[in-house]
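So the sequences go chain by chain: A and B. Following the UniProt record's numbering, the numbering of the first sequence begins with 1 at its first residue and continues without gaps. Following the UniProt record's numbering, the numbering of the second sequence begins with 1 at its first residue and continues without gaps. Heads up, the beta-carbon is just placed ideally off N, CA and C, and yes, glycines get one too. Quantities reported herein were computed from a predicted structural model and do not represent experimental measurements.
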Amino acid sequence: MKNRYHYIPGCASWILGILLLTVSFCANSQRCNISIRGFVRDTSVNKPVEKATIRVDNMPLTVTDSRGAFSIGGICAGKHIIVISEVSHSNTLCELYVSTDTTIVLLLSEKSNVLGAVSVTGFNTRKPALTTLASTVMKGQDLFNTRGATLGESLKGITGLNTLQTGPSVSKPVIHGLHSNRVLILNNGVRQEGQQWGSEHAPEIDPFIASEVSIVKGASSVRYGSDAIAGVVLLEPEALNPARQLQGQVNAVAATNGRMGVMSGMLEGKLDKRLDGLNWRVQGTLKRAGNFRTPGYYLKNTGISEADFSAAVSYKKSNYGIDLYYSEFHNKLGVFDGSHVGNVSDLYAAFERPRPITASYFSYKIDRSYQDVSHRLLKAGGWYRFNNGSRLEVVFARQGNRRDEYDIDLPYSTDPDILKMPQISFKIKTHTLDVNYDWASGKYFSGSIGVSGGTQGNVFNGIRYLVPNFRNYSGGVYAIEKYTYNKLTLEAGARYDYRWLRVYRLNNNTLQTYYTTHDYRNVTGTAGAGYKFTDHFSINANVGSAWRAPSVNELYIDGIHLSAASYEKGDSLLKSERSYNFTFGIKYERSRFRAEAVAYYNVINDFIYAKPALKPVTLISGTYPLFSYTQDDVTLKGVDVDLSYKPVRQVELVSKTSIVRAWNRTIHDYLVFMPADRFDNKIQYNIGSLGRVRDCYLSLQNISVRRQDRVPPNSDYVAPPPGYSLFNISTGFTIHISGNSLNINLGVDNVANVAYRDYLNRFRYYANDLGMNVMLRAKYVF
Amino acid sequence: MKKLSLFLSAFLITVMLFNGCKKDETAVAPPVPGNEFLTTVQLVVVNAADPTDRDTVAVKQLPDQPIDYTNASLHLKANSTYNVSVRFLDETQTPAGNVTDDIYARRNYHLICFTTDASLALTVTRTDLDTNTPALPVGLQDRFSTGSAGSGKMNVRLRHQPNAKNGDCDPGSSDADVNFSVTIQ
């Protein structure tokens, strides 16, 4: 035992520390009482496979019954190798990570070829509807290592994804250069509807809800509705199917930067005997952070205080199920003090300064200006499985989103009620209904059809005018058909959407309400093909067309964006934008080497963006540069490359590259605010298991971002910041205590405390990005 | 099939229960009265030697209107001293709302800055103080001392400097930033 420690002394001392702490728990022998239940099915004939043998690691064999079902108990949490053998099927093996009791479906194909043809699918996990689009899944250890970060920030590790930031506490995902209304976020199957148009409006979701985050890169409008021009982020909680009457997990994160603390707990269980099939779960998160720190100074008023909770109940039988889900998100975010500038001369003065002028120190206090946001989601859904294997699912959701923004200054008033009011307040209510029917016919065909509809009302209140009230109705129908024959997959889909929008405004002179109505109708289509040359090598290609109706702010915004010192003006005559997206993916996978590349070419006609009008607006409060919403034809192309290589068993090299090139064809110049080239390289040393301590690893990561040179002249107040290179280190392991597991991760971001600014951070005008941050994460599963 | 219909009807009931959607958005709220419309920056200029020699000039902008400079020309006598009050008004209401009092109430956060063209022989001294320690000027009350004849532009800015006021114009942001034309005869 002792002689194994000398590999990595740093990690060893860690392990010793934890072992000493936990020695009292470990006095009795370790209990491993997780069970894996599952079914083995034949994909080609869609029937259960009887008498297949299942072997987990080196444990005794288990044989499936006539329903193809099996159950294995006494398994420890962690990674396991499962080998499935059956006479008419080839032996297949797969890797499975279990932390709680798990139900799996193992899909075998008939003997002929295949090693990689087995896929493990948990019950109820939504597979991407279109398999020929590039998609990435983040779960398990990778997801754990992002705990504590905002949703946008946690996705940054995925190739092709960036974040659009407004200081340290607000970030939203950018897929292939596109964001906000062009990225759909599906939270537990429901389309997130908030005030997502503003770049400082982060998605109102607690990332701890999800046990799995999938990203579909490329136009996915056919399945998920218009707006999904760039892609979709799907957040999925663990399927509600606990094995024990009571189980759960506790997550805790502590970080030095911002002196952040996060606690998140989850409890789930089931009712036995009489109400077998009734499962429940409650979950809650508390987060608190104070002023974040750059390498030289604190960022005043950047604290976060967040409290979220969710509850779910489901009743599940073999062929039908209903579920109810409710979640509440509430946070209060300080807006960095130094970003508050009135007009353009203030802005120039602000970025001439080497550091913000206001005193910087640490505090948890959140002063004006701040955002106070809450989001409530109620989801009621049900599914029914027909005897022929097809499945009908209905989901109704109601969302309420409220966003209050308090300016740095109190309103000019002596009335105490008015002094308490936010300067700007938005309330948006959304009701949606989605019906989806998945079917499979014969050996080769499968598909889904569906309808969806929704209505949305937005009420704007505020001292300044910014965007009008509106009511929106939308409806869509779609069909997707898939054909699988041996190594070939073909799929195609089409969708028709209708959107009706009525905008209510007030005539300032007569104080009479008037309205304008818009309607949009569009057809969307997609076609794709995948071909698996060998078990190791496959390609896929997809062509899709998607559309997006202009949003209310693009049509009607008329006012000042204080933190950017700009005056934005909408254009009510904007048309829908339409994209034609081509993606091509190639994947090569061996046990020690893996390579995946995705290239895309996205032509967007009538792309809507805020263009500098090159003439200022003069108000009593000063001069503001004017940005007017306009439409141009643009082209975005790029590649995402993922490589991983294990030269020896313990060492893993991972390299991720994301490159985007965006061109505005109308003005024959580059498109503004596109992510710069990003390279993420990591070397990980997997020490493996040391007694009870398992999966111990140590990694060193370098993230290099080049300077964004591709910007048109006079498109920004300051030139893009120089490129930067950051080093992060991380170490972690898992300990099993009496059948429960404790996961620990210790990470240091920006080890060298490098001062840098990122082009996609709106606060780069005023301050540096974050300095060194040491984070300790723990997850205890019981 | 029975199960399916049971399931569907249970589902429909749930939908109905939550379908009490009111259409609040049709009632568009009028602007909250007494709010932060700062429409007018006014200078009341009184000759220290002759209280009858008095002038009021203003730069005004009503919502959705271009900025109004028609009454923004100030005429001063050479080699004289003037007592000046700066006033901020909300002229969306009648009678006009007085924003000056609110600024005075929060004078520890505010500073009025004057910048004159080099061609103007005009010295501006702030004569009022806030309650910071040490006390800092505010600028709602000022003294203008003129020299020889000339003309030029005078910029008046209301700087908003919460927790950052240090006597300099630099910190904070501008709540008002307007230009008057000044002639010294």
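For this session: Under the assumption that VAL503(A) contacts ALA527(A) (Cβ atoms under 8 Å), give the Cβ distance between them as a whole number of angstroms.
Result: Contact flag wrong, Cβ pair sits at about 36 Å.
Exercise. Once you ignore the five residues that flank LEU506(A) on each side, which residues in its own chain have a CB closer than 7 Å to its CB?
Worked result: THR513
For this session: Tell whether a beta-carbon distance below 8 Å holds between THR524(A) and ARG495(A).
Result: yes
For this session: For ARG505(A), go through chain B and note every residue whose CB falls closer than 8 Å to its CB, in chain order.
Result: VAL28
Exercise. Mind pulling the beta strand (DSSP E) runs of 3 or more residues that sit fully within the region 293-352 of chain A?
Worked result: 304-316 and 320-334
Exercise. Quick one: Cα of ARG694(A) to Cα of GLY732(A), how far?
Worked result: 9 Å
Exercise. Using 8 Å as the limit for Cβ to Cβ distance, is ILE408(A) near chain B?
Worked result: yes
Exercise. Does DSSP put ALA778(A) in a helix, a strand or coil?
Worked result: strand
Problem set entry | Residue of GLU352(A), ILE586(A), ASP415(A) and VAL451(A) minimising C-alpha distance to VAL395(A) | VAL451(A)
Problem set entry | beta strand (DSSP E) segment containing THR734(A), residue limits | 724-737
For this session: Taking only beta-carbon positions, decide if GLY34(B) is within less than 8 Å of chain A.
Result: Confidence is the limiting factor: at GLY34(B) the pLDDT is only 46, short of 50, which leaves the residue's position unreliable, though a coordinate-based value still follows. So yes, GLY34(B) belongs to the interface.
For this session: Using 10 angstroms around the beta-carbon of ILE81(A), count the other beta-carbons present and answer buried if the total reaches 16, otherwise exposed.
Result: exposed
Exercise. What number of angstroms, rounded off, separates the C-alpha of ASN605(A) from the C-alpha of THR132(A)?
Worked result: 24 Å
For this session: Report the neighbours of ASN163(B) on chain A: residues whose CB is nearer than 9 Å to its CB, in chain order.
Result: LYS300, ASP337, THR358, ALA359 and ASP367
Problem set entry | Cα-Cα separation between ASN768(A) and GLY160(A), rounded to whole angstroms | 24 Å
Exercise. Whose Cβ in chain A lies nearer than 7 Å to the Cβ of ARG171(B)?
Worked result: The question names Arg, yet the displayed sequence has Pro at residue 171(B). Within chain A, the residues near PRO171(B) are ILE357 and THR358.
Exercise. What does LEU267(A) pair with, by DSSP beta-bridge criteria?
Worked result: GLY248(A) and VAL282(A)
For this session: Examine chain A for any beta-carbon lying closer than 8 Å to the beta-carbon of VAL46(B), and answer yes or no.
Result: no
Exercise. If you pair each beta-carbon of the region 81-100 of chain B with each one of the region 37-45 of chain B, do three or more pairs fall below 8 Å?
Worked result: yes
Exercise. Span of the alpha helix (DSSP H) holding TYR465(A)?
Worked result: Element bounds for TYR465(A): n/a, residue is neither H nor E.
For this session: Check whether the region 376-390 of chain A touches the region 322-337 of chain A, taking contact to mean three or more Cβ pairs, one atom from each stretch, closer than 8 Å.
Result: yes
Exercise. What are the start and end residues of each continuous beta strand (DSSP E) run of 3 or more residues lying completely inside the region 522-590 of chain A, in chain order?
Worked result: 537-548, 558-561, 566-569 and 577-589
Problem set entry | CYS11(A), DSSP secondary structure in three states | Only weak support exists for where CYS11(A) lies, its pLDDT of 37 falling under 50; the coordinates are left without a value.
Exercise. Ordered along the chain, which non-local residues of its own chain (more than five positions away) have a Cβ less than 6 Å from that of ARG471(A)?
Worked result: GLY457 and ARG502
Exercise. Does the beta carbon of SER85(B) come closer than 8 Å to any beta carbon on chain A?
Worked result: no
Exercise. When Cβ atoms are compared, which residues of the region 62-79 of chain B fall closer than 7 Å to chain A?
Worked result: PRO63, ASP64 and ILE67
Exercise. Which whole-angstrom value describes the C-beta separation of LEU106(A) and VAL40(A), a residue pair presumed to lie in contact below a C-beta threshold of 8 Å?
Worked result: 5 Å
Exercise. Can you tell me whether DSSP reads LYS77(B) as helix, strand or coil?
Worked result: coil
Problem set entry | Proximity below 8 Å, CB of PRO303(A) to CB of ASN291(A) | The residue you asked about is not Pro; residue 303(A) is Gly in the sequence shown. Yes; because the gap between Cβ atoms is below 8 Å, this pair is in contact.
For this session: Take TYR600(A) and list the residues in its own chain whose beta-carbon comes closer than 7 Å to its own, dropping the five residues that flank it on each side.
Result: HIS176, GLY218, ASN581, PHE582, THR583, LYS637 and GLY638
For this session: State yes or no: is the beta carbon of THR513(A) nearer than 8 Å to at least one beta carbon in chain B?
Result: yes
Problem set entry | 8 Å contact criterion, which SER199(A) and LEU164(A) should meet: CB distance rounded | 5 Å
Problem set entry | Residue from PHE362(A), ASN279(A) and VAL748(A) with nearest C-alpha to TYR298(A) | PHE362(A)
For this session: On the DSSP bridge assignment, give the partners of CYS113(B) in chain order.
Result: ARG157(B)
Exercise. With burial defined as no fewer than 16 other Cβ atoms inside 10 Å of the residue's Cβ, what is the status of PHE445(A): buried or exposed?
Worked result: exposed
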